[in-house]
Amino acid sequence: MRLKLCIFTVLASVSAVLAAEPFDVIAFGSCARERQEQPIWTEIIAKRPDLFLFIGDNHYADFWEKDGRMVMQPVPSPERIQEAYDALAGKPGYRRMLRTCPILATWDDHDYGANDAGNDFVFREESRDLFLDFYGFGENAPIREQDGVYHSRFFDGPDGQRVQVIMLDTRFNRDPLERAADRQGRRGPYGPTSDTSTTILGDAQWRWLEAQFRMPADVRILASSIQIVSDEHGYETWGNFPHERERLYDLIDATNASGVLAISGDRHLMEISRDVGRGSPYPFWDFTSSGLTQRAQVVGDPNSFRVGPVLRETNFGVIRFEWGATPETTAISLEGYGDRGQLLNRQTVWLSELSEE
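Once you know that position 286 of the sequence shown is 296 in my numbering, the rest is easy, because the numbers rise by one and skip nothing.
This is the structure we're talking about:
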């Protein structure tokens, strides 16, 4: 009989969870405005996930009422961040989600505390502590000594079905963005920096990530709050630090880390990207699901790596494993769903594709 993962409300202090049967479904999402209704949780729960990944902008602490109107400004104090967490905790759908399966989380800029913020955010340490408190990390958890909220978990099934989940922190150590003098067709204000001393993750997180990639796993879900592959739009992306993306691809190669799939948020849209030819040792997939409370809008952002449609409407992502006896017969389905549970996009990745061999 399967050991049901939903007996845990959080996995913050658990290094590994064993399952007697395969780990089948991961759901994920981002960008959930705590001041709005969140009926999407009903549809997420209906997919019966074994795990939910909350990958950033889990609330909007830097968006609140001031002098009778809504404003977006860096939070004036850590108390505003706590208020936003309290509002999220009060959402009926989120409370049902907690009873359904474990939740692992990282953050993005708005729940961190300031739009597009990085290592220059004045309350970054206070924000880290509030994050760790909310998501159930113990007072003596080693993560509290880190510069950031990055962490990972393993989920063991039968041989060949070990899933590693790596939650990156793209905020705490990220150097300031560089504004583009010439947007060159980009919609957003940022461009790639030529300063290779700048970083997204910081040295300690890079060393940690290398150690993670060297651990045995069959599938590795790499959660980045910002997009890794798509970089033509001019907003936040790993493409603003091209040497950091190159370092990521080189690290996958150097550690022989097979099975890496990325998920991302931030952009208030749903799309799936596939990078081939820019240095990754095998096709690098980046599944963006952003907008748990997103209104439907037309989207025209360019992305030459896009596979399938791009949609700006309420959405969440599902990663479904169809385990076979070998990597050649193991299919990973990347599925985007809307607010009525309707399928928005589906792409199939064979596990054998996620390897240099």
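We put the CB at the ideal spot given by N, CA and C, even for glycine.
- Distance from the Cα of L61 is smallest, within the candidate group I36, L354 and A127, for I36.
- Taken atom to atom, the span from the alpha-carbon of P291 to that of L271 is near 13 Å.
- The continuous alpha helix (DSSP H) containing M107 extends over residues P102 to T110.
- Counting C-beta pairs closer than 8 Å gives fewer than three between the stretch 193-207 and the stretch 171-182, which falls short of the contact rule.
- Boundaries of the alpha helix (DSSP H) harbouring F144: R134 to F144, taken from the DSSP string.
- For H120, the secondary structure class from DSSP, reduced to helix, strand or coil, is helix.
- Closest in C-alpha terms to L364, from the list R305, R284, E345 and S314, comes R284.
- Per DSSP, H253 is one residue of the alpha helix (DSSP H) stretching across P252 to A264.
- Excluding sequence positions up to five before and after E53, its CB lies within less than 6 Å of the CB of G351, all in the same chain and listed in chain order.
- A151 sits in coil when the DSSP states are folded into three classes, being neither helix nor strand.
- With respect to L344, I282 sits close: the two C-beta atoms are nearer than 8 Å.
- Checking the DSSP bridge columns, you'll see S274 partnered with S234 and T298.
- When secondary structure is reduced to three states using DSSP, F64 falls in the strand class.
- The beta carbons of L279 and T303 sit no closer together than 8 Å.
- Short of 7 Å from the beta carbon of D130, and not among the five residues preceding or following it, lie these beta carbons of its own chain, in chain order: P186.
- G66 is a Cβ neighbour of T116, given a cutoff of 8 Å.
- In the DSSP annotation of this structure, the continuous segment of the alpha helix (DSSP H) that includes E93 starts and ends at P88 to A99.
- Secondary structure note for F223: its alpha helix (DSSP H) is the uninterrupted segment D213 to F223.
- Exclusion of the five residues before and after Y259 leaves G289 and S290 as the residues of its chain whose Cβ lies within less than 6 Å of its Cβ.
- For E53, the uninterrupted alpha helix (DSSP H) run begins and ends at I50 to A56, by DSSP.
- Pairing V229 with A341, the inter-Cα distance amounts to about 11 Å.
- D121 has its alpha-carbon roughly 11 Å from the corresponding atom of S40.
- Taken through DSSP and simplified to helix, strand or coil, W248 comes out as helix.
- Within the same chain, L279, V320 and R322 come within 6 Å of V309 by CB-CB distance, once the 5 residues on both sides are set aside.
- By the beta-carbon neighbour count (other beta carbons within 10 angstroms, threshold 16), T180 is buried.
- Ranked by Cα distance from D143, the options I91, S314, D119 and R189 are led by I91.
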